[in-house]
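Under the numbering used here, the first residue of the sequence shown is numbered 173, with each subsequent residue one higher.
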Amino acid sequence: MKRSLLLWVLFGFLLLPLPGGAEETILLFSSQARVEENSSLLVREDILVNVEGHQIQRGIYRDFPTIYRSASGKSVRVGFSVKRALLDGKKVPYKTESLSNGVRVYLGDPKGTAPRGEHTYTLEYLTTGQIGFFEKHDELYWNVTGNGWAFPIERARFSLALPGETPFSSVEFYTGYQGEREQYARVLPDKMVETTNPWLPRKGLRWCIPGPREL
Numbered sequence: 173m174k175r176s177l178l179l180w181v182l183f184g185f186l187l188l189p190l191p192g193g194a195e196e197t198i199l200l201f202s203s204q205a206r207v208e209e210n211s212s213l214l215v216r217e218d219i220l221v222n223v224e225g226h227q228i229q230r231g232i233y234r235d236f237p238t239i240y241r242s243a244s245g246k247s248v249r250v251g252f253s254v255k256r257a258l259l260d261g262k263k264v265p266y267k268t269e270s271l272s273n274g275v276r277v278y279l280g281d282p283k284g285t286a287p288r289g290e291h292t293y294t295l296e297y298l299t300t301g302q303i304g305f306f307e308k309h310d311e312l313y314w315n316v317t318g319n320g321w322a323f324p325i326e327r328a329r330f331s332l333a334l335p336g337e338t339p340f341s342s343v344e345f346y347t348g349y350q351g352e353r354e355q356y357a358r359v360l361p362d363k364m365v366e367t368t369n370p371w372l373p374r375k376g377l378r379w380c381i382p383g384p385r386e387l
């Protein structure tokens, strides 16, 4: 009887939930982009993650597609270059690796280990060829977070600045897996888009504006 009771007690401990914060999660994906005068896009991503040393050991990586097909079926190639990488506001080593359809950026010290707990990785980069120029308007379709993350995302937000504070009339956004058109987000008064619920891995935020011709 004592042996049986001991087994049940041990089994009960196994069923207890893990302490809060034990899961590796993107707590906040905050992205800001600015359209430059030459129509390139300067982007800063601040990614607050909880690190437990499971999948995140040296640091994190970010996949960025540079080759894709447009709505008309045409193959499009865009430019991409890293400007700065930070960990908690201080410079951190990074490297890039070519993918079949883009670039993977590793952020972290390859000779060290990522610090445990909540930390913010920052990636700043410049990308070109993202704006579509049409007869009556210009358009920016932007995959804010990407859909390659292996971690849940608790919250994401995105804001865009145009040259000379040029206004834009409307904002469209979609959430979910690649190709889905869920709308679990909201547009704030300052035109920032913010998600309204946590996501499973591989879900993301996509954002679109038809803009004025002055872009």
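The beta-carbon is built from N, C-alpha and C at its ideal position, and this holds for glycine as well.
Rounded C-alpha distance that separates residue i from residue j
| i | j | result |
| --- | --- | --- |
| residue 376 | residue 346 | 8 Å |
| residue 289 | residue 332 | 30 Å |
| residue 196 | residue 280 | 16 Å |
| residue 379 | residue 212 | 17 Å |
| residue 353 | residue 381 | 15 Å |
| residue 221 | residue 250 | 28 Å |
| residue 282 | residue 322 | 20 Å |
| residue 325 | residue 287 | 19 Å |
| residue 355 | residue 314 | 15 Å |
| residue 264 | residue 348 | 31 Å |
| residue 233 | residue 252 | 15 Å |
8 Å contact criterion, which residue i and residue j should meet: CB distance rounded
| i | j | result |
| --- | --- | --- |
| residue 268 | residue 275 | 5 Å |
| residue 396 | residue 316 | Examination of residue 396 is not possible in this model, given that the chain is present from 173 through 387 alone. |
| residue 327 | residue 367 | 6 Å |
| residue 256 | residue 296 | 4 Å |
| residue 298 | residue 214 | 5 Å |
| residue 198 | residue 228 | Rounded, the Cβ-Cβ distance is 10 Å, inconsistent with contact. |
From the options, residue whose alpha carbon lies closest to that of residue i
| i | options | result |
| --- | --- | --- |
| residue 247 | 372, 350, 342, 301 | 301 |
| residue 217 | 223, 272, 254 | 254 |
| residue 260 | 231, 277, 272 | 231 |
| residue 303 | 334, 266, 329, 258 | 334 |
| residue 262 | 358, 273, 291 | 291 |
| residue 318 | 350, 223, 273 | 350 |
Next on the checklist: Taking contact to mean 3 or more Cβ pairs, one atom from each stretch, closer than 8 Å, check whether the stretch 233-242 and the stretch 203-211 are in contact.
Outcome noted: no
Checklist entry - Quick check: the stretch 205-223 against the stretch 358-375, are there 3 or more CB pairs under 8 Å? => result No contact exists between the stretch 205-223 and the stretch 358-375.
Next on the checklist: Going residue by residue through the stretch 277-302, where are the continuous beta strand (DSSP E) segments of at least 3 residues, counting only ones entirely within it?
Outcome noted: You should have 289-300.
Checklist entry - What are the start and end residues of each continuous beta strand (DSSP E) run of 3 or more residues lying completely inside the stretch 227-274, in chain order? => result 231-237, 239-241, 247-249, 251-259, 266-271
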